[in-house]
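Participant:
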Amino acid sequence: MAQTDKEIEMSQKITTSDEKAFLESIIENIPDMVFVKDAKDLKFLKFNKAGEDLLGYKRSDLLGKSDYDFFPKKEADFFIEKDRAVLDSNEILDIPEEIIKTTHGERILHTKKISIRNSEGKPEYLLGISEDITLRKDLSKKIKEVSEKQSVTLGFLQDFIENSTDRIVFVDKDSKVVVYNTAYRDEVKKIFGTEMSTGITFNELMGAAPKDQIDGVSALWKRALEGEKFSIFQKFGSDQYTYNYYVITFYPLKNKEGQIMGAMHVGQNINEHKQDKAILESLGEGVIVTDHLGKIMMINPKALELIGVNKDSELIGKQLLESVKVLDSKGVMIPAETRFNSTNSTNRASVSNIYFYVRKDGSKFPAVSTITPVKVDNNLAGTVEIFRDISKEQAFEKTKNEFLSLVSHELRTPLTIANWYAEAYFKSIDSIDLAKQKEYVGEIRKALEHVNEIVGAILQISQIELGKIKLEKTNLDIVALTGEIVHGFILESQQSGLLIKTDFGGPSLRCLVSKNLFTIVLNNLISNAIKYSKSNGEINIKINLEKDSLVMEVKDHGCGIPEIDQEKIFTKLFRAENAKELKVSGTGLGLYITKLFLEQVKGEIWFSSIENEGTTFYVKIPISPGSS
Amino acid sequence: MNNNKKVLLVVEDEEPILRVLSEQLRSEGFEVLEAVNGEVGLKLALEKHPDFILVDLLMPKMGGLEMIEELREDPWGEKAPTAILTNLTGLEPVSEGLKLKTYDYLIKSDWSMENIIGYIKEKLGVK
Chain A
436 MAQTDKEIEM
446 SQKITTSDEK
456 AFLESIIENI
466 PDMVFVKDAK
476 DLKFLKFNKA
486 GEDLLGYKRS
496 DLLGKSDYDF
506 FPKKEADFFI
516 EKDRAVLDSN
526 EILDIPEEII
536 KTTHGERILH
546 TKKISIRNSE
556 GKPEYLLGIS
566 EDITLRKDLS
576 KKIKEVSEKQ
586 SVTLGFLQDF
596 IENSTDRIVF
606 VDKDSKVVVY
616 NTAYRDEVKK
626 IFGTEMSTGI
636 TFNELMGAAP
646 KDQIDGVSAL
656 WKRALEGEKF
666 SIFQKFGSDQ
676 YTYNYYVITF
686 YPLKNKEGQI
696 MGAMHVGQNI
706 NEHKQDKAIL
716 ESLGEGVIVT
726 DHLGKIMMIN
736 PKALELIGVN
746 KDSELIGKQL
756 LESVKVLDSK
766 GVMIPAETRF
776 NSTNSTNRAS
786 VSNIYFYVRK
796 DGSKFPAVST
806 ITPVKVDNNL
816 AGTVEIFRDI
826 SKEQAFEKTK
836 NEFLSLVSHE
846 LRTPLTIANW
856 YAEAYFKSID
866 SIDLAKQKEY
876 VGEIRKALEH
886 VNEIVGAILQ
896 ISQIELGKIK
906 LEKTNLDIVA
916 LTGEIVHGFI
926 LESQQSGLLI
936 KTDFGGPSLR
946 CLVSKNLFTI
956 VLNNLISNAI
966 KYSKSNGEIN
976 IKINLEKDSL
986 VMEVKDHGCG
996 IPEIDQEKIF
1006 TKLFRAENAK
1016 ELKVSGTGLG
1026 LYITKLFLEQ
1036 VKGEIWFSSI
1046 ENEGTTFYVK
1056 IPISPGSS
Chain B
35 MNNNKKVLLV
45 VEDEEPILRV
55 LSEQLRSEGF
65 EVLEAVNGEV
75 GLKLALEKHP
85 DFILVDLLMP
95 KMGGLEMIEE
105 LREDPWGEKA
115 PTAILTNLTG
125 LEPVSEGLKL
135 KTYDYLIKSD
145 WSMENIIGYI
155 KEKLGVK
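Read top to bottom, the protein sequences are chains A and B.
Under my numbering, the first residue of the first sequence carries the number 436, and numbering increases by one thereafter.
Under my numbering, the first residue of the second sequence carries the number 35, and numbering increases by one thereafter.
#1: Alpha carbons only, please: which of A:F800, A:D938 and A:G721 is nearest the one belonging to K827 (chain A)?
#2: Would you report the Cα separation of V876 (chain A) and F861 (chain A), rounded to the nearest angstrom?
#3: From the beta carbon of K1015 (chain A), is the nearest beta carbon of chain B less than 8 Å away?
#4: Taking only beta-carbon positions, decide if Y1027 (chain A) is within less than 8 Å of chain B.
#5: Have a look at E405 (chain A) and I150 (chain B) and give me their C-alpha separation to the nearest angstrom.
#6: Say whether chain A places a C-beta atom closer than 8 Å to the C-beta of V44 (chain B).
#7: Report the residue ranges of all beta strand (DSSP E) runs contained in full by the stretch 779 to 856 of chain A; include only those spanning at least 3 residues, in chain order.
#8: Please state if the CB of V471 (chain A) and the CB of L589 (chain A) are separated by a distance shorter than 8 Å.
#9: Taking buried to mean at least 16 other C-beta atoms within 10 Å of its own C-beta, is T116 (chain B) buried or exposed?
#10: So, does the CB of N36 (chain B) fall closer than 8 Å to a CB anywhere in chain A?
#11: By alpha-carbon positions, which one of B:L88, B:L80, B:E73 and B:L76 ends up nearest to L42 (chain B)?
#12: Please classify F595 (chain A) as buried or exposed, where buried requires at least 16 other C-beta atoms within 10 Å of its C-beta.
#13: Find the nearest neighbour of F665 (chain A) within the set A:E597, A:V803, A:A698 and A:D983, judged by alpha-carbon distance.
#14: In the DSSP assignment, what residue or residues form a beta bridge with R602 (chain A)?
#15: Give every residue of the same chain whose Cβ lies closer than 6 Å to the Cβ of Y1053 (chain A), excluding the five residues on either side of it in the sequence, and list them in chain order.
#16: Does any CB atom of chain B fall closer than 8 Å to the CB of K903 (chain A)?
#17: Terminal residues of the continuous alpha helix (DSSP H) containing F736 (chain A)?
#18: Verify the CB distance criterion: does D967 (chain A) have a CB-CB separation below 8 Å to chain B?
#19: Please classify H844 (chain A): is it buried, with 16 or more other beta-carbons within 10 angstroms of its beta-carbon, or exposed?
#20: Fully enclosed by the stretch 882 to 931 of chain A, which alpha helix (DSSP H) runs are 4 residues long or longer?
#21: Let me know the alpha helix (DSSP H) ranges lying completely inside the stretch 587 to 665 of chain A, each 4 residues or longer, listed in chain order.
#22: Against chain B, with Cβ distances strictly below 8 Å, would K1018 (chain A) count as a contact?
#23: Residue range of the beta strand (DSSP E) that E1046 (chain A) falls in?
#24: Short of 6 Å in beta carbon distance, which residues of its chain neighbour R494 (chain A), apart from the five on each side in sequence? Order them along the chain.
#25: Counting only Cβ-Cβ distances shorter than 8 Å, please list the residues of the stretch 132 to 158 of chain B near chain A, keeping chain order.
#26: What residues from chain B crowd round A859 (chain A), counting only those whose CB sits closer than 8 Å?
#27: What residues of chain A sit near I51 (chain B), judged by a beta carbon separation below 9 Å?
#28: Could you give the residue range of the beta strand (DSSP E) that holds R399 (chain A)?
#29: Would you identify the three-state DSSP class for L480 (chain A), choosing helix, strand or coil?
#30: Below 6 Å CB to CB, which residues in the same chain sit around H545 (chain A) once its five sequence neighbours on both sides are set aside?
#31: Secondary structure at C860 (chain A), three-state DSSP: helix, strand or coil?
#32: Counting beta carbon pairs with one atom in the stretch 819 to 835 of chain A and one in the stretch 746 to 753 of chain A, are three or more of them shorter than 8 Å?
#33: Distance, Cα to Cα, S840 (chain A) vs Q669 (chain A)?
#34: Span of the beta strand (DSSP E) holding S565 (chain A)?
#35: Starting from the C-beta of M641 (chain A), find all residues in its chain whose C-beta is less than 6 Å away, skip the five residues before and the five after it, and write them out in chain order.
#36: If you drop the 5 nearest sequence neighbours on each side, which residues of the same chain put their C-beta closer than 8 Å to that of I1028 (chain A)?
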């Protein structure tokens, strides 16, 4: 290559002495170690600054010394041998890696050696240039280590994805499939009948699915490809019986610069949790699962029964708000935020309320409704609504409150009488009207007896309701027992001029029945018959065995029960209007108690009555073994 | 005896209560009209225009609330001073009436007859 005019001009400018200083300066400042050895004894003649730094010795310590002064003999022998070889040949010796011990530890050098010959061609000096490649070596070692690790990680990830039972698929920016695992491939084959392949689109893949499903899926991938990470409930399948339900999480995939390169999803088939499904099916509570759009995904048989719908296909896929309406106590529809509990900031926090569910036929029932948002990674994936019909509890509560209110009324009335007559008695204490005083005290006594009756009846009711009264069957002589019971009423009946007649269809009657039950029932019926009879009449008691039952009949010729009151006759504290006018005392609990007792043994009670002519009560008690 | 006697109407189906209360009211100088249900009570009220009406709630044929309701339809009955005297508590329609101040509400077992007499005298402005 020809020298340029400029170079020629420059070299001519350098004088011999200038030239020496110039070269010295270059050598001195070269970043690599430069050394010159005498060809004869291989002692150091020259060292540059980089050499001093590398070896950690001062130039004055190095010059005139040989390798044996600095390195172990073995190493020094090696270096000297190499030096001789260089001097003998006329070629550059390239040692890519040699390790030397310096004052600051081992260094790795890339060294080149060359012989410098005189005009006769004999070697006079040995020039060496060493580059410190320790750092570079370390770096490439580290790079190697890292890349080995990365390939392990990548391998692990690949295995993980491939072996996962979750359905995993990656798509590129154009929503074309890039990578998928076996679980995904098998599921696609099973549901859509499509063979997976790289580059396939979702339109092709879901060919068999309804169009709205395909559009729905495309919209979801679009969201992920726009950078949103989210989870949803989703169902797939060609008809309602082969629907599969999934929780699917979509992730955008970004490179280091944050650009979206594609997206992936991980889908979990929740139909596989068959046990959970079986539990849902058999739950005594209604369960409705909605997806992230508020559409019904799953509804259990109990929920269908409660809202009066035959098949879940009538509701699946429909908007929950419109198809299963829920109102508050004022009849106002529960708004979406409340219904889906979506404003709830905490994950999986349930909210329970009493709402009114509207059945298919428009009727309503009260229910405790518990609504739990299903959130995956803080995204609303759907809602689980669980509801229980509480109409029975509410009716019971209402009856209980009414009962308490009426019982307190019934107790307060005789207490008021006792109180006021006592007041009247005190006022009259100074008078000598003994007849009046006698009347007052008499009223007080009657009132207190009445209180006692009511308290006794209430206790009896609670004992029956708690199952505390034992109704064990014994072989009873019905004729003898009835005689005893009737005898107990002899005073009362004589006062009213009433005659109690009994008829057992024969001289004797025995059967297996509870003595307690028989006594309570007959006592109540006779007591009522006497109270509501007209004076100087008859009360007829007939007791017979009929198949497996003991049948009792108690007939009076009294005021009868007005037609409008007949259906209320067995309720607590009810007394017919005409009965009250008769001014007979009564707790209003007798028939209620009788009915409660009979219910314990699956017995029955009914009556026939004509106002102003009389009433007949009929009782049937099962007596066959095992019937109670 | 005395034409200035204040006339009271007591509507009560429990005979012993009606008997003793009327007796005590009479002994305090009132003229007492007695009714055993709302139907009789309403008829007496509209006929005799008593100065004050005491009415029970649970009664056969016509209850106390129904009687008051019908009474308020009448131009005189509209403003007739009335108090419910009962042992029944916790009824919703009653609390509504109380809000409208159409009547007072006395629980029998909480009131002695002496207190009731005092209350009526105060209402009627008699000593």
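We put the beta carbon where it would ideally sit given N, CA and C, even for glycine.
Bear in mind that the values here come from a model prediction, so they are computed numbers and not experimental data.
Facilitator: Straight from the coordinates:
#1: A:F800
#2: 11 Å
#3: Note on K1015 (chain A): pLDDT 49, under 50, position unreliable in the model; the coordinate value appears next. Yes - at least one Cβ of chain B is within 8 Å of the one on K1015 (chain A).
#4: no
#5: Lying outside 436 to 1063, the shown extent of chain A, residue 405 (chain A) is not represented and no answer is given.
#6: no
#7: 786 to 793, 799 to 811 and 814 to 824
#8: no
#9: buried
#10: The predicted position of N36 (chain B) is uncertain, since its pLDDT is 49 and thus under 50; a value taken from the coordinates is nonetheless stated next. No, its Cβ sits nowhere closer than 8 Å to a Cβ of chain A.
#11: Restricting attention to B:L88, B:L80, B:E73 and B:L76, the CA atom closest to the CA of L42 (chain B) is found in B:L88.
#12: With fewer than 16 other Cβ atoms within 10 Å, it is exposed.
#13: A:A698
#14: According to DSSP, which records beta bridges pairwise, R602 (chain A) is partnered with A:G702.
#15: E988 and W1041
#16: no
#17: One detail in the question is off: residue 736 (chain A) reads as Pro in this sequence, not Phe. Segment P736 to I742, the alpha helix (DSSP H) holding P736 (chain A).
#18: First, the residue type needs correcting, since residue 967 (chain A) is Tyr and not Asp in the sequence shown. So no, Y967 (chain A) is outside the interface.
#19: buried
#20: 913 to 922 and 925 to 930
#21: 617 to 627, 637 to 640 and 646 to 660
#22: Because the pLDDT at K1018 (chain A) is just 44, under 50, the model does not fix this residue reliably, and the point stays unresolved.
#23: Unbroken run through E1046 (chain A): none, as it is neither H nor E.
#24: F482 and E487
#25: Sequence-ordered contacts of the stretch 132 to 158 of chain B with chain A read I141, K142, S143, S146, M147 and E148 [C-beta pairs closer than 8 Å].
#26: Using a Cβ-Cβ cut-off of 8 Å, A859 (chain A) is close to V54, E57, Q58 and M147 of chain B, given in chain order.
#27: Within chain A, the residues T848, T851, I852 and W855 have their CB atoms less than 9 Å from the CB of I51 (chain B), given in chain order.
#28: Chain A is shown from 436 up to 1063; residue 399 (chain A) falls before or after that span and cannot be answered.
#29: strand
#30: P531, E566 and I568
#31: Residue identity check: residue 860 (chain A) is Tyr in the sequence provided, not Cys. Note: Y860 (chain A) maps to helix in three-state DSSP.
#32: no
#33: 54 Å
#34: P558 to D567
#35: F627 and I649
#36: If we look at I1028 (chain A) and ignore the five residues flanking it on each side, its Cβ neighbours are A892, Q895, I896, I899, I955 and N959.
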